[in-house]
Amino acid sequence: MSPGHPATSLFTHSIIGTAIRQSFRRLGPLYQLRNPVMFVVYIGSIVTTLIAACDINSPPSNESIWFVVAIAAWLWFTILFANFAEAVAEGRGKAQADSLKKARRDVQAKKLAHAADDHKHYRLVAAPDLRKGDIVLVEAGDFVPGDGQVIDGVASVDESAITGESAPVIRESGGDRDAVTGGTKVLSDWLIIRISSNPGEAFLDRMIGLVEGAKRQKTPNEIALFILLAAMTLVFLQVCVSLLPFSIFSVAQQGQGTPVSLTVLIALLVCLIPTTIGGLLSAIGISGMDRLIRANVIAMSGRAVEAAGDVNVLLLDKTGTITMGNRQAVNMFPAPGITPQQLAEAAELASLADETPEGRSIVSLARGKFGLPERAADSIQATFIPFTAETRTSGVTIGERVILKGAGDAIGKHVAKLGGSVPADVTKQIDIIARQGGTPLMVADGRNVLGVVQLKDIVKPGIKQRLDELRRMGIKSVMITGDNPMTAAAIAAEAGVDDFIAEATPESKLKFIRKMQEGGELVAMVGDGTNDAPALAQSDVAVAMNSGTQAAKEAGNMVDLDSNPTKLIEIVEIGKQLLMTRGALTTFSIANDLAKYFAIIPAAFASTYPSLMRMNLMHLATPQSAILSAVIFNALIIIALIPLALKGVKYRPAPAAAMLRHNILVYGVGGVVTPFIGIKIIDMLLAALGLV
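Each residue of the sequence shown is one higher than the one before, starting from 6 at the first, in the numbering used here.
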């Protein structure tokens with residue numbers, strides 16, 4: 006759990022206080038009507054309350070007023086406890102939203118007319134007045150005024166207010182680290198940012214809205230379960246309604262005994278319908294989204310969380326997802342007769358003014374591996390040659406020397422014009438690097454070829470081990486990239502994916518996903534680029550990287566604030582945990598009802614059929630004590646299960662059949678045994694206190 010997230014415990018004073026107030030505010034009939042199971046309990050509470058009021062004015066001869074009042078009170082407690090469970094789940098999300106709101110600051114932004122403007126010539130404007138496309142300067146100590154893309158500069162940024170991670174991150178122009186979020190703080194250097202959203206559309210605003218919108222639409226499985234619970238409630242309602250005339254008829258036929266009372270029938274109905282799962286179902290769904298938030302993932306809908314539990318195919322974009330997003334210089338291969346030091350020095354000189362991530366990595370490699378001293382570009386008398394698409398080269402002119410680096414064929418043509426040639430060993434090395442999936446850059450000093458610099462896509466650390474975990478969970482990983490098959494195969498082998506698709510276009514990605522879905526697969530995709538947006542929109546679970554483009558974030562139904570592609574493992578686990586928790590508590594609830602049958606049925610009809618007390622297997626004190634104990638247990642078990650509903654059952658990777666057996670054994674057997682123990686203890690307390 007990230008250190009920046011508040012309310013890490015299940016219950017805090019603020020959450021409890023708010024939840025108690027919300028429990029009473031939700032006692033209106035329109036709110037209760039949303040849950041058919043609890044609505045029946047709600048109607049039962051009203052009826053028993055009216056009966057109690059009538060009994061006070063005209064005491065009944067066969068039923069104590071205290072018993073009716075106690076039944077009515079505990080039925081209201083049952084409603085309040087169900088409201089409380091849902092309010093606590095929502096309250097934890099609200100606490101996260103309050104934390105995010107603190108990150109949304111009204112700051113003064115340093116607006117530039119153009120990106121090339123001098124840093125001293127800016128105009129101060131309020132951050133809410135910024136519009137999409139505006140260009141701002143953010144210096145050390147400043148807060149980023151809005152979502153945007155870094156177009157110049159490199160700086161260390163504190164994103165703890167958003168992601169909860171205390172370690173600062175580097176944000177720079179180009180590559181996969183150019184996205185910044187409003188409310189974060191620049192710790193060093195400076196950035197020039199192009200604002201990417203209008204007021205009210207920022208990512209932080211959407212995050213707050215999503216977190217506060219815990220009352221999300223119900224998922225298909227949740228709707229199906231609601232229908233099942235409603236059907237069971239209707240069946241028991243019909244049974245209990247038919248029992249009253251049956252009891253009256255039996256008394257008339259026997260000429261002795263008394264008919265079952267309406268209070269007892271209502272208590273019987275409430276104890277037999279699935280009130281436990283009915284009261285906790287909303288809390289389970291809300292807490293699934295809340296657990297994702299605490300894993301630094303924002304889910305756009307409860308449907309996405311649930312779908313994550315059933316995913317069996319994962320598509321991973323290569324650049325920025327599996328790899329770092331920028332090619333890095335990893336090795337240098339000198340030409341025959343050239344020392345590694347000579348090649349390193351020339352490559353460094355040609356890259357001093359190259360501000361691309363690739364250029365900076367060449368300088369870093371030359372200094373780190375070959376011990377070249379640090380020097381600034383303006384410390385040497387030189388003219389730098391920028392890269393152009395036409396020449397496909399860049400470099401530097403120092404006096405009479407012209408040092409260039411670039412694509413092999415481009416440098417080869419340049420050298421040939423000057424009367425030189427490319428050594429066969431260098432050509433061979435270029436082919437080897439290309440076959441390995443790398444990018445070769447040739448370096449030349451005038452007509453002399455000095456050697457080759459190898460650039461490589463760097464696979465993110467730990468991704469192979471994480472993909473192995475996905476494989477054990479039954480999820481197939483597929484890397485999808487626009488690279489050529491040779492490069493794709495090399496990266497796929499290093500990353501450990503199960504399959505790859507090379508030379509992929511946005512259309513081909515979309516076609517592949519649709520084909521998998523038509524075959525019955527549930528597809529998840531992790532991406533970060535604009536070209537990933539169509540595929541993300543089609544996927545069942547679409548995780549966009551926070552460091553990615555705005556288009557990718559808008560197309561996804563989840564956003565990973567940590568920009569970690571292997572986070573899908575946690576997402577899948579949370580999705581499976583949600584499904585398992587719902588299944589476990591449903592099993593427990595139904596088993597509960599079976600056990601309560603043995604406690605309440607004999608007691609309910611003891612006045613009509615005294616011989617039924619022989620079925621009092623639990624040896625409860627009196628019929629009234631048995632009924633009241635069952636009603637009290639029925640209410641208290643909801644409170645007792647709130648922590649499990651919010652935390653979720655522990656996820657263990659296992660086949661569906663094994664998980665079903667485990668649920669039946671633990672929650673089925675536990676659901677049968679627990680009421681016997683709980684009801685007996687409550688009965689003993691009531692008897693000891695002389696209340697029944």
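Note that the Cβ used here is the ideal one computed from N, Cα and C, for glycine as well.
Between residue i and residue j, is the Cβ-Cβ spacing less than 8 Å?
i: residue 141; j: residue 160; result: no
i: residue 548; j: residue 312; result: no
i: residue 623; j: residue 684; result: yes
i: residue 402; j: residue 416; result: no
i: residue 348; j: residue 448; result: yes
i: residue 320; j: residue 483; result: yes
i: residue 136; j: residue 198; result: no
i: residue 270; j: residue 241; result: no
i: residue 390; j: residue 400; result: yes
Just verifying my parser: in three-state terms, what is the DSSP assignment at residue i?
i: residue 668; result: helix
i: residue 117; result: strand
i: residue 524; result: coil
i: residue 131; result: strand
i: residue 482; result: strand
i: residue 221; result: Here residue 221 scores only 46 on pLDDT, less than 50, and its place in the model should not be relied on; the value that follows carries that caveat. Three-state result, residue 221: coil.
i: residue 333; result: strand
i: residue 161; result: strand
i: residue 31; result: coil
i: residue 565; result: strand
i: residue 702; result: Any question about residue 702 goes unanswered here, given that the chain covers just 6 to 697.
i: residue 688; result: helix
i: residue 190; result: strand
i: residue 696; result: coil
i: residue 175; result: strand
i: residue 200; result: strand
i: residue 296; result: helix
i: residue 112; result: coil
i: residue 302; result: strand
i: residue 38; result: coil
For residue i, report the span of its alpha helix (DSSP H) as first-last.
i: residue 60; result: 41 to 62
i: residue 151; result: Note, residue 151: premise wrong, no alpha helix (DSSP H); not H, not E.
i: residue 470; result: 468 to 477
i: residue 352; result: 345 to 356
i: residue 459; result: Careful: residue 459 lies outside any alpha helix (DSSP H), inside the beta strand (DSSP E) at 453 to 464.
i: residue 601; result: 573 to 609
i: residue 498; result: 490 to 500
i: residue 558; result: 555 to 560
i: residue 547; result: No alpha helix (DSSP H) holds residue 547; the beta strand (DSSP E) holding it covers 546 to 550.
Between the Cα of residue i and the Cα atoms of the options, which residue gives the shortest distance?
i: residue 426; options: 20, 456 and 442; result: 456
i: residue 299; options: 651, 28 and 377; result: 651
i: residue 50; options: 274, 178, 147 and 143; result: 274
i: residue 649; options: 416, 588 and 614; result: 588
i: residue 309; options: 621, 663 and 579; result: 579
i: residue 500; options: 553, 328 and 43; result: 328
i: residue 641; options: 565, 86 and 460; result: 86
i: residue 130; options: 121, 680 and 117; result: 117
i: residue 202; options: 151, 164 and 680; result: 151
i: residue 287; options: 126, 90, 138 and 619; result: 90
i: residue 174; options: 567, 199 and 509; result: 567
i: residue 462; options: 164, 335 and 369; result: 335
i: residue 459; options: 413, 474 and 393; result: 413
i: residue 272; options: 145, 54 and 154; result: 54
i: residue 544; options: 551, 532, 350 and 507; result: 532
What are the boundary residues of the beta strand (DSSP E) that includes residue i?
i: residue 396; result: Counting along the chain, residue 396 falls outside any beta strand (DSSP E), and DSSP gives it neither H nor E.
i: residue 654; result: Element bounds for residue 654: n/a, residue is neither H nor E.
i: residue 505; result: 504 to 506
i: residue 623; result: Unbroken run through residue 623: none, as it is neither H nor E.
i: residue 320; result: 318 to 322
i: residue 142; result: 140 to 144
i: residue 379; result: Premise fails: residue 379 is in no beta strand (DSSP E) and is neither H nor E.
i: residue 445; result: 444 to 450
With a threshold of 8 Å, are at least 3 pairs of Cβ atoms found where one atom belongs to the segment 431 to 443 and the other to the segment 484 to 504? yes
Sufficient close CB pairs (3 or more, under 8 Å) joining the segment 565 to 574 to the segment 338 to 353: no
Does the segment 18 to 26 come close enough to the segment 68 to 84 that 3 or more CB-CB pairs lie under 8 Å? no
Is there contact between the segment 291 to 298 and the segment 56 to 64, where contact requires at least three CB pairs shorter than 8 Å? no
Could you tell me whether the segment 530 to 542 touches the segment 263 to 281, using the rule of 3 or more Cβ pairs below 8 Å? no
Counting pairs of beta carbons, one from the segment 628 to 647 and one from the segment 267 to 284, are three or more of them closer than 8 Å? yes
How about the segment 599 to 606 and the segment 628 to 637: do they share at least three Cβ pairs that are nearer than 8 Å? yes
Using a Cβ distance threshold of 8 Å, determine whether the segment 236 to 256 contacts the segment 34 to 48, with at least three qualifying pairs required. yes
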